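Asker:
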């Protein structure tokens, strides 16, 4: 499947990771369950921060709300404790409850002590609203889909109209899952930052390709009535890295996803739930107390600019990848979201 | 049932509302489903902000995180949009997913246009961990319980070991649902502030009765091994008012719940999810745009101190009411949480 | 003086105000004191929110920190109380204390009751670091300059290397003061949003002109060694509007300045103090209590997207105006910051 | 001078440090300049976080706003960068500008590279409003006083109506400077938490002595008309510790000062600027980049509750110490603030 770089569009100048995916960060895997039939255009995507026991070895984490018209679950505790202790589940807005319940069950199955000798679990579930293409009231997502998405997770994964991205619409085109990564060079060695987005935001007339405002031109050539929609919807942005950081530094870094998002033409629309979840696989946190002080390794702040640039660029590219890899999709009531593939050549010949 | 005032304990000097309950705020109702049998010690409590269509006529709202070790759902959008558009559901930690899903279904049933011609819904579900008395892994709470709790909601409601409070433990004693209210006198007339708590926090040795540190004495006379537990658990505090306010003012007011909480002996323990949800029934917000500018009535800031005092006092009294009205409860593994009733006379004779 | 539109560059599609300045918002005025001689390259800029007594008739206000490596004064109280009660002063980083003291004196002179029968005053002073061109250690800014800047304030004002902008550097070029405005059409009538920036941020290689990444080309043709500087410095963004809003809505709107900032090539650099101060002249707040409830008029949230777009576009254009109107400046140690004017034709002929 | 413990009042059960002062934290010193003559009732207090070069070896820091009606300077950058790089200066509200300017000068004198080869400086200056006793409009505090307060700083220091506390009023009694400390026992060894307050808040009728509401009784026996004042004023709380923490943990700890504050009878009044500044002397941060990753040592979160209790208790005791050590003071217009000493015996014989 051709990605945005295959069309000669390169975001920024930093080196990309081997697969140019969030899974370039060692230990991260991604799995999808795609529900695509008739007016069923939805699904589940699972991001696994590492392959060990996530409850017992938590990852350092942070969240950031770009615009809070969203129903994501789990951010309150992420902010307080600076950790994630479950897979991260993406789905549609009305399936957050189902997926949250399934994720709790999954964690209970993995950890017999939860609710017995130790406390409970903080499920992390994020969402976008796919009602344009999907019959969201039908409740197609079931608990089993969460289990399956987790089980199917692997280093290589598909982008586009798959998993939670099956029914998403972005800039009036078909959106969905996209990913990208960057290598960050510091005095202390090379590290990786990976981004995965679930894109479902934006107004066509504001779309920008590598910064160039091509939206109005696009409006003229796309026939779908969706092109006139206002910016509602949402974007979920998941940032993974192996950079050694404190929680404060991690939060600063993931905030720069908003730079990449803005450069694609978003103005963080009123009804858009633009939520960022970030984690670092360095400095894992054990659930149970340890007999010695923790040593949190972290970069000097003077090295952080490279990470800022990396996360902004990877976010922009992940969004473009979500658009270019998504197939044209006809959903509920015949609503059609076209693929950027159909128009990309017109736009790059400006 | 005797409440804390019936023992001669009076918090502050402000006038209380007619019932001294959150439902003294016109339009607010509360309903419980109590699941109390063997090691099933849990339930659901629903707070209904007003009796019309909540989705179409939202209430102005704010949330405040005292300590974020909690899994409450819905706060991101409350903070961004300043509204609540559903009943507020309280339950146990691992039932948040189930209740969230049920609440979504309830709202879909009430509003055919959701997910069709208008957007989605932001369910508000809050929780405490009742694993000490309840077999929380068993998943006793079902979707129907949410429907029932909403349907049963009324102006008069029980406090104590009922609804979501059935299995809660507070200061090593039996906690649960408690409520209180205050009348706020302003230049513009009288208004009401009501508080409802789900109490499940605190370490016995820190317990304070009307400020007086009686915890250590209590530790000597209570036999339950729970008395030595560290402060984990949580408290959910729901604040209702008919005061005309802007969202900023409402947020300032609900933050003062932490004053009442601190005065009972909480230090906002590490593993305590201390979450506040507040709403004003003045200045309702219509879902659909209106042809004229909104007029938000609001008090001058110089009048706000009375509301600060009222909410602090009502929170303290609601917590004490949750303790004094809860019956001694024997739960999972024979764990026993005693009622404050058993000891109150010893403590007031200091 | 030619502005960016005079070079055929148009940001977005919304209508601009009559002067395309922040002073298109009725009542707002701006004044400068420029200190430009030898290695003295600094100054003061004052923004007056309205022409009455600001202490007695405060404006509704909000602040937003894009990146907090900055020394701005007054944001704590703006956030808590939702008001501004003084002129807004811009200056260099090390002159914040002097300007703050002068602003306090100014307010004491205007209001005899401050510190006697009523409380104190919250001065708002923002800053960027002009040490590259200015001998910032010399302390050239004196208290009188603040008085003069306020006295000189008027509806028509200069942009570029003037006032607080005298010594600023932006994207390795000469930065400084820039402004722009937009007309927002709502169901309730037309309103104005105006933006003024003090630009002192950015790395030349990341510079974007109307979104197009021209920075690397620019690096090849500009001779100044400043072009290789990392992104430190800062930007202060002041947003004025006559839109009727609550404080929550105002805060949402000013947050979208970050969209315009990102589109110029900023990634919110580590050492950049990127601070936004916003106010609405609608719904003024009287210092002394009133006998009747306040009526805060506000738009329905469904109308807010136009304001989001307006503030993003006006911010981007204000930054470009700050660059294009600034004259090439030779400062401390012969450091030279060239004007964008010198290169603009090379960049638009891409 | 007798402190609150000397009257048999003991807050909590944790061990106190050797001096029961903030300076029990190794390296911390405190200095005062007291301006006390006629209607000049004001001053400056300096807290030095460590005795090395603060700019080159910064301390990890956090700030927390309990109520933001205040004019403190420096919190924006503390929150973003997690550091303090100057002494912390306390003074009266209208002297913040003067003290900020003096502190900048002090830092420039100490560090020739500031503004030349490296960036600028973030001065931290906090304030309360002493206008009741002091002629605050007169501007008695001069730049030299800041230099003197820093120079006089030492491990042993006075409490009460000294330094910035000279003219402060707390609960209608004479407030000012107070301090206390606690020893925190962890699995990793013993650490110290010290608190210093500048107390200027509270309404007499709400005053609580070790939690016991004695305010109304006090109102009956105190003759000063100040007893009827509403809660305005402010409190500044400075927390020092040698606990190894991340910035997130430090912020959690300093937030618990609000527990101690609430227990003395504050409800975080509308016009009270209740600001907390905290720092840890563990894990210092070098200004210049280092060739190796930083190792931030930190406790496991399961150990943090002791620190929460310690900071709450030390804050409460520091406030009581500020009251009991302050001498009765007659200030501007003959306003008289009586010392708690005069009444303490009446209150403890309840």
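Chains as they are written, first to last, in my numbering: chain A, 6 to 355; chain B, 6 to 355; chain C, 6 to 355; chain D, 6 to 355. Even for Gly, the Cβ is constructed at its ideal location relative to N, Cα and C. Model, not experiment: these values are computed from the prediction.
(1) Could you please give me the residues that DSSP links to residue 3/D through a beta bridge?
(2) Determine the closest residue to residue 277/C out of 206/C, 318/C, 345/C, 326/C, with distance taken between C-alpha atoms.
(3) Going along the chain, which residues of its own chain have a beta-carbon closer than 8 Å to the beta-carbon of residue 58/A, five neighbours each way excluded?
(4) Would residue 422/B be called buried (16 or more neighbouring beta carbons within 10 Å of its own) or exposed?
(5) Got a sec, what are the start and stop residues for the alpha helix (DSSP H) residue 364/B sits in?
(6) Could you give the DSSP three-state label for residue 211/B: helix, strand or coil?
(7) Exposed or buried, residue 122/A, counting other C-beta atoms within 10 Å across all chains shown (16 or more means buried)?
(8) Does the beta carbon of residue 175/C sit closer than 8 Å to a beta carbon anywhere in chain D?
(9) The beta strand (DSSP E) that contains residue 45/C, what's its start and end?
(10) Within the continuous alpha helix (DSSP H) that includes residue 17/A, where are the two ends?
(11) Rounded to the nearest angstrom, what separates residue 353/B and residue 20/B at their Cα positions?
(12) Just grab the DSSP bridge partners of residue 280/D for me.
(13) What's the gap between the Cα of residue 134/D and the Cα of residue 239/D?
(14) Do you know whose CA, among 132/B, 339/B, 175/B, lies nearest residue 280/B's CA?
(15) Can residue 39/D be considered in contact with the ligand SAH, in the sense that its beta carbon sits closer than 7 Å to one or more heavy atoms?
(16) When Cβ atoms are compared, which residues of the region 297-328 of chain B fall closer than 9 Å to chain C?
(17) With residue 134/B as the anchor, note down where its alpha helix (DSSP H) starts and where it stops.
(18) Quick one, which residues of the region 245-262 of chain C are near chain B if we go by CB-CB under 7 Å, in chain order?
(19) Could you compute how far the alpha carbon of residue 226/B sits from the alpha carbon of residue 347/B?
(20) Assess contact between the region 242-250 of chain C and the region 288-304 of chain C, defined as three or more Cβ pairs (one per stretch) separated by less than 8 Å. Is contact present?
(21) Mind checking whether residue 40/A and residue 48/A have CB atoms under 8 Å apart?
(22) Could you tell me which chain D residues have their CB closer than 7 Å to the CB of residue 99/C, listed as they occur along the chain?
(23) Please return the same chain residues whose Cβ sits closer than 6 Å to the Cβ of residue 315/D, not counting the five positions on each side in sequence.
(24) What does the alpha-carbon distance come out to for the pair residue 241/B and residue 159/B?
(25) Tell me which residue opens and which closes the alpha helix (DSSP H) that residue 111/A is part of.
(26) Taking the alpha carbon of residue 25/A as the reference point, which residue from 323/A, 88/A, 100/A, 155/A has its own alpha carbon closest?
(27) For residue 67/B, would you say it is in contact with chain D, using Cβ-to-Cβ distances shorter than 8 Å as the test?
(28) Starting from residue 413/B, follow its DSSP beta bridges and name the residues at the other end.
(29) Below 9 Å on C-beta distance, what does residue 128/D contact in chain A?
(30) Output the boundary residues of the alpha helix (DSSP H) element that contains residue 219/A.
(31) Three Cβ pairs or more, each shorter than 8 Å: is that satisfied between the region 150-164 of chain A and the region 136-145 of chain B?
(32) How many angstroms separate the CA atom of residue 257/D from the CA atom of residue 65/D?
(33) For the candidate residues 27/A, 129/A, 290/A, 150/A, whose alpha-carbon lies nearest to that of residue 37/A?
(34) Given that a residue counts as buried once 16 or more other Cβ atoms are within 10 Å of its Cβ, and exposed if not, what is residue 287/C?
(35) Could you tell me if residue 312/A is buried or exposed, where buried requires 16 or more neighbouring beta carbons within 10 angstroms of its beta carbon?
(36) Looking only at its own chain, which residues have a Cβ that is under 8 Å from the Cβ of residue 292/B, when we skip the five neighbours before and after it?
Answerer: In terms of the structure at hand:
(1) There is no way to answer for residue 3/D, as the model of chain D reaches only from 6 to 355.
(2) The residue given as residue 277/C occupies position 272 in the third chain. Nearest option by C-alpha distance: 206/C.
(3) Counting from one through the first chain, the residue named residue 58/A turns up at place 53. Within the same chain, residue 58/A has close Cβ partners 115, 116.
(4) Within the shown structure, residues of chain B are numbered from 6 to 355, placing residue 422/B beyond reach of any answer.
(5) No answer is possible for residue 364/B: it lies beyond the span of chain B, which begins at 6 and ends at 355.
(6) By one-based count along the second chain, residue 211/B stands at place 206. Three-state DSSP puts residue 211/B in a helix.
(7) For the purposes of this step, residue 122/A is identified with residue 117 of the first chain, where counting begins at 1. Exposed: under 16 other Cβ atoms inside 10 Å.
(8) Taking the first residue of the third chain as position 1, residue 175/C is located at position 170. Closer than 8 Å: no.
(9) Numbered from its first residue, the third chain carries residue 45/C at position 40. 45-53 is the extent of the beta strand (DSSP E) around residue 45/C.
(10) The residue labelled residue 17/A in the question sits at position 12 within the first chain. No alpha helix (DSSP H) holds residue 17/A; DSSP gives it neither H nor E.
(11) In the second chain, residue 353/B corresponds to position 348, counting from 1. In the second chain, residue 20/B corresponds to position 15, counting from 1. Those two C-alpha atoms are separated by around 23 Å.
(12) For the purposes of this step, residue 280/D is taken as the residue at position 275 of the fourth chain. 70/D, 241/D.
(13) As a first step, residue 134/D must be located in the fourth chain, where it is residue number 129. As a first step, residue 239/D must be located in the fourth chain, where it is residue number 234. The alpha-carbon atoms of residue 134/D and residue 239/D are separated by roughly 7 Å.
(14) Start at 1 with the first residue of the second chain, and residue 280/B comes out as number 275. When only C-alpha atoms are compared, the closest one is 132/B.
(15) For the ligand SAH, the structure offers nothing, since it holds no ligand at all.
(16) 297, 298, 299, 300, 301, 302, 303, 304, 305, 306, 307, 308
(17) Taking the second chain and counting its residues from 1, one reaches residue 134/B at position 129. Careful: residue 134/B lies outside any alpha helix (DSSP H) and carries neither H nor E.
(18) 249, 251, 252, 253
(19) Locating residue 226/B in the second chain gives position 221, counting from the first residue. Locating residue 347/B in the second chain gives position 342, counting from the first residue. The straight-line gap from Cα to Cα measures roughly 10 Å.
(20) yes
(21) Residue 40/A sits at position 35 when you count from the first residue of the first chain. Residue 48/A sits at position 43 when you count from the first residue of the first chain. Contact flag set, yes.
(22) Start at 1 with the first residue of the third chain, and residue 99/C comes out as number 94. Neighbours of residue 99/C on chain D, chain order: 109, 120, 125.
(23) Taking the first residue of the fourth chain as position 1, residue 315/D is located at position 310. If we look at residue 315/D and ignore the five residues flanking it on each side, its Cβ neighbours are 19, 187, 189, 198.
(24) Counting from 1 along the second chain, the entry for residue 241/B is found at position 236. Counting from 1 along the second chain, the entry for residue 159/B is found at position 154. Cα-Cα distance, rounded: 20 Å.
(25) Position 106 of the first chain holds residue 111/A. Where residue 111/A is concerned, the enclosing alpha helix (DSSP H) stretches over 101-115.
(26) Here the question's residue 25/A lines up with position 20 in the first chain. Out of 323/A, 88/A, 100/A, 155/A, 323/A has the C-alpha closest to the C-alpha of residue 25/A.
(27) Locating residue 67/B in the second chain gives position 62, where the first residue counts as 1. Not one chain D Cβ lies under 8 Å of residue 67/B.
(28) The shown model of chain B, from 6 to 355, leaves out residue 413/B, and the question about it has no answer.
(29) In the fourth chain, the residue the question calls residue 128/D occupies position 123. Near residue 128/D there are no residues of chain A at all, since even the closest Cβ is about 19 Å away, more than 9 Å.
(30) What you label residue 219/A is simply residue 214 of the first chain in a count that begins at 1. Run containing residue 219/A: none; DSSP gives neither H nor E here.
(31) no
(32) Position 252 of the fourth chain holds residue 257/D. Position 60 of the fourth chain holds residue 65/D. Looking at the two C-alpha atoms, the distance is approximately 14 Å.
(33) By one-based count along the first chain, residue 37/A stands at place 32. With distances taken between Cα atoms, residue 37/A lies closest to 150/A.
(34) Your numbering for residue 287/C matches position 282 in the third chain. So residue 287/C ends up on the buried side.
(35) The sequence position of residue 312/A within the first chain is 307, counting from 1. When all chains shown are included, residue 312/A counts as buried.
(36) For the purposes of this step, residue 292/B is taken as residue 287 along the second chain, with counting starting at 1. 60, 61, 62, 63, 90, 123, listed in sequence order.
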